[in-house]
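Chemist: Residue numbers (the numbering used here), protein chains in the order written: chain D, 1260 to 1590; chain F, 1260 to 1590; chain A, 1260 to 1590; chain W, 1260 to 1590.
Glycine included, every Cβ here is placed at the ideal spot set by N, Cα and C.
Computed from a predicted model, the values in this text were never measured in an experiment.
(1) Looking at the unbroken beta strand (DSSP E) that takes in residue 1263/A, where does it start and where does it end?
(2) Using a cut-off of 8 Å between C-beta atoms, extract the partners of residue 1572/D located in chain F.
(3) To the nearest angstrom, report how far apart residue 1451/D and residue 1314/D are at their CA atoms.
(4) Enumerate in chain order the residues of its own chain whose CB-to-CB distance from residue 1338/A is below 7 Å, with the five nearest sequence positions on each side excluded.
(5) Which whole-angstrom value describes the C-beta separation of residue 1461/F and residue 1527/A, a residue pair presumed to lie in contact below a C-beta threshold of 8 Å?
(6) Against residue 1468/F, what residues of chain A qualify as contacts under a CB-to-CB distance less than 8 Å, listed in chain order?
(7) Return the residue from the list 1369/D, 1483/D and 1358/D that minimises the CA-CA distance to residue 1335/D.
(8) Listing by chain order, which chain F residues have their CB less than 8 Å from the CB of residue 1492/W?
(9) Per DSSP, what kind of secondary structure is residue 1426/A in: helix, strand or coil?
(10) What residues from chain D crowd round residue 1418/W, counting only those whose CB sits closer than 9 Å?
(11) Just tell me which of 1496/F, 1513/F and 1520/F has its CA closest to the CA of residue 1503/F.
(12) I want to see whether chain D comes within less than 8 Å of residue 1283/W, judged by CB atoms only; does it?
(13) In chain order, what are the residue ranges of uninterrupted alpha helix (DSSP H) at least 4 long that sit wholly in the region 1566-1590 of chain F?
(14) With residue 1397/W as the anchor, note down where its alpha helix (DSSP H) starts and where it stops.
(15) Taking only beta-carbon atoms, is residue 1373/A less than 8 Å away from chain F?
(16) So what does DSSP say about residue 1549/A, is it helix, strand or coil?
(17) How many Å lie between residue 1569/D and residue 1576/F at the Cα?
(18) Buried or exposed for residue 1411/D, going by 16 or more other Cβ atoms inside 10 Å?
(19) Once DSSP output is grouped into helix, strand and coil, what is the label at residue 1283/F?
(20) Please list the terminal residues of the continuous beta strand (DSSP E) segment that includes residue 1415/F.
(21) Taking all protein chains shown into account, do 16 or more other C-beta atoms lie within 10 angstroms of the C-beta of residue 1373/F, making it buried, or fewer, making it exposed?
(22) How big is the Cα-Cα spacing for residue 1288/D and residue 1543/D?
(23) Reducing DSSP to helix, strand and coil, say where residue 1342/D ends up.
(24) Whole angstroms is fine: what's the gap from residue 1524/F's alpha carbon to residue 1453/A's?
(25) Give me the chain A residues within the contact set of residue 1421/F, using Cβ-Cβ distance strictly less than 8 Å, ordered along the chain.
(26) Pick helix, strand or coil for residue 1277/F, following the three-state DSSP scheme.
(27) Are there three or more Cβ pairs, one per stretch, closer than 8 Å when the region 1366-1383 of chain W is compared with the region 1396-1406 of chain W?
(28) For residue 1533/W versus residue 1474/D, is the C-beta distance shorter than 8 Å?
(29) Chain D beta carbons: is any one of them nearer than 8 Å to that of residue 1557/W?
(30) Mind listing, in chain order, the continuous alpha helix (DSSP H) runs of no fewer than 4 residues lying wholly within the region 1300-1372 of chain W?
(31) Using C-beta distances below 6 Å, list every residue in its chain close to residue 1357/F, excluding the 5 sequence neighbours before and after it, in chain order.
(32) So which of 1350/D, 1360/D and 1340/D has the shortest CA-CA distance to residue 1375/D?
(33) Name the one or two DSSP bridge partners that residue 1501/A has.
(34) Mind checking the region 1425-1444 of chain D against chain W and listing, in chain order, the residues whose C-beta falls within less than 8 Å of any C-beta there?
(35) According to DSSP, is residue 1459/A helix, strand or coil?
(36) Hey, is residue 1347/F's beta-carbon within less than 8 Å of any beta-carbon in chain A?
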């Protein structure tokens, strides 16, 4: 249940109402919002302060189309996503920052194709402690350089709360990786940030869990959440994960947030990435996150799944044709 | 391992070779084929009879692109699928034959859109014994009428071996439903049939099992197998199943058989079917199997997932535009 | 909904009632049973014929403890399972009949441990067509010999409907393998059989599907169904399958049928079988199905998961101690 | 690969070796340990410093029985687990600290049964932001009181790195919850702690990921890791999760760390907890984590799965009998 409450309510009374419903309080310019996990009746003496009441039928509250029908519009330096859903953003780049040469070569290539958003990780959340963990702080400066020199939007991942501020200062879109989706320290920090957050679905998360992670951010005050599907873990192991596009169809139907898909991590092998990327584009989703590397076979992480520059260039030609066929605009 | 063996080999010797490798024997016009689960050396005295030897690195044998690189071409009255992969077949129609009126209305509508292949089930493999089980024998005549009156290709499902011959006589494409994928009586009968077989992947089957079910049919002599992905069972239950398009990308890469996708059963809800169908088309797959019903809400089975005629008509407009964008031809 | 209907009802009226509820009719000595997928009101004029009405809240009907609280008692030559749940049956033996020597050695060993039920397959439902498919008809005679010579209960598997009668004549308990759980020809034949049926859960079946497969048999007239959990397919592939003992706890709580567990197929590796078997025994389940082979490493199928005679002998010692600790009796 | 390196090696040379193998360095009293993700040859000039080399065949390194065969012994105030594997620890208590009365009633009850280890959460990692999040800092004092007054070992959960130190100071065993298993900030902090860590497997983690999370802690210097299986997410949703005891059998076979099982979270319903707990005991695992609450139906979290005092008392009687039957000792 969501209540919109008038701003002229007495502070003590407001707290009483919040406590009565075991609710979470959120302050907006126009009204207070109280979110409660249960639908309840409003006491008569409180009715005068209630602007609107939304009874909701699922774990989905602020993110629900029952609450707000239209998709949240996220404004970015290169345009918007969500809103009227005319635009699809392409976010491309290597898995990780590896060296100055590699990252400049990548950025130059991405920019040359007219793409505006660049992805690259500094603090990698690797499965094993015995493999490349990312350049970390040493690479921060390189991403700042890229950002300025190529005028690219930077999308980079927070591994854990200890590097949150560094990424939050640098990035235009804060990426929360799949493994961090359940990290409550990160979710709470995202809620207090003013940056757009690209929240990846954990590969073990059902949509219900994913929605509720989103609600942690939204209910703490940050409305700019972009959902990202990147494959779930199933009994099929010929591919790295299983891309859940039936789940994406569900999210587009019931949630009021933009949805981006990352086919690279789902597939785990570059051969399947172009076909899946085209599929996502034809579905009309709001964005695509694609790994591309100057020399994939030499990459220090995710070597098998990154496209090379030739493959990616060819893919962009197809994407533009499909976008046109479904009346979407690539930004 | 697959061996191509000269036709002039002595019968006894041939049997010796087959037994030596615990192999399966298959006779072709040009040569004998022996398939064995293991790669082995060929005895010197047998070398003279061996035309070619294929060492294969997986459970995938006759269906492997390592054995035959090009996709198997399946010729149908309305054109072909597979081969050079220029064509995508649309197979549409209701879940089940329910009445003369319903099925004629359906067929007329499908035909009016220029679609050539019609799906409708007679013997339904339902989860519960207490729900509609299909018209069974009573509906056979109706499908024969449709076939003749509208000149449509009929795709219909064998529930179990007791209705195999009835469907095999009627249908242009024999459909083996997901629940029957492990049914060895059906697989063996399909192997002896001359009809094209559309084999659906069981929702509990990994690709390895799916491939091997295919091999039962291929190794018994029927080359005309069409693979069909229709969703697998995962922890995500907001949708009926999870459509495994990462798996489809794998199959297109490694298997030499055409691949058709059924988004209706995967999604389980009509709202998601158009977006998923467009996604599959953009991937460039060989066919689509879509449930459409004159009055979905009155359907006796799969009521939630069937498109109505308006939704399907709109979808076809989009599919044609996407097909053009990726240089594919709808048949 | 289940209705118990008086035997003196007029045949035409009975049919009317059945059709009205889209029900399934089952005749018992004491009453007719009508099972319908929905709970409905009873028309006034029919009330006089209704002995009892059961409104049920799930897909589970004849198998539900809401319908019959006590566990179905299955009487076997060596004792009973179910009923007061005091007994646990051990069913042991090799995966497949391979040769006269192997099967006699097995049977003699099993008998020597005081075990009464012997398992061995003739018609194997293998994943691949290129591996050992079982001795088939050639082995039938061997199992008849075992049965007579050692006075053992025979548990053997129906692969498909074409070998149903042969197994039904031979076996004391008809085993329906996991891959055949969705085979409607087999389920319907089981319903018409008078033999106890051990129905294995398909590795892709959720409990809802498993229950409904059971209902196919029960509603066709055969009450003697034994459920068997043997592992489900999950993202964990270090083991062959994942044994679903949380699911077994559910089944014991809500279903009125005996439950047997097969840890051998779930684990897929002999090293884990003893610990899992002990776990199942301590849970108090109704039976255990265990693969044991005179020389596991030479077995023609399931070589990795079969215990050798020494391992099995040791295991039986532990099982007896645990049975005693939980006041159960091994039969 | 793991190398044991003599302590008298030159620091620069040591660093060279570490860098050459992209290794992780760990200092022990007797030797340095270098862990590398690949098996490699040792340069001739380094041979003199290498005490021992372990070539390992999986992602499992310090935790592998190929490296150290015996199970790590963890000494606790009430005895040890692991080592010769004679002991099983019972860790019981409510899901969360809710009030002084509740927690004292719980602790008194637990102590009265002769149990030494008490579990209760302060910082709950809930799925939803709109439900009870735990007492947090306000409850810390209550757990200190319990610890002193009842002389109980305290097991409590770190939700995120911001409450790590508070729990690390209080608890005898630091619990890392399933949702935190991928939290790299927590894993790294655990590695630097001297407290035993009970690491729960994430419900989306395969064993490979679980092992590697363990390696993050071990390779940072903390050897005292206890593994905890608490259910994985599968397509079966009649139960909250699926308890992976086949996986536990794998872990006991291949890993040198003690394994504890939490049947309460796996099952999600109290009715199944006793049977599953007995099953785990009979498997011979090293510990059990069980939720028990004075009034489960009033619990602020996990209300459905907590046992009441009567149920738990009865369960303990059975556990003792089973422990005796398999020659284990409950501590």
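Modeler: Here's the rundown:
(1) 1261-1264
(2) Simply none; closest approach about 17 Å.
(3) 26 Å
(4) 1346 and 1590
(5) In fact, because the Cβ distance is near 19 Å, the residues do not count as touching under 8 Å.
(6) 1386
(7) 1483/D
(8) 1494
(9) helix
(10) 1443 and 1444
(11) 1520/F
(12) yes
(13) 1568-1584
(14) 1396-1409
(15) no
(16) strand
(17) 32 Å
(18) buried
(19) strand
(20) 1412-1417
(21) exposed
(22) 33 Å
(23) strand
(24) 36 Å
(25) 1420 and 1444
(26) helix
(27) yes
(28) no
(29) no
(30) 1359-1371
(31) 1559
(32) 1350/D
(33) 1491/A
(34) 1438, 1439, 1441, 1442, 1443 and 1444
(35) strand
(36) no
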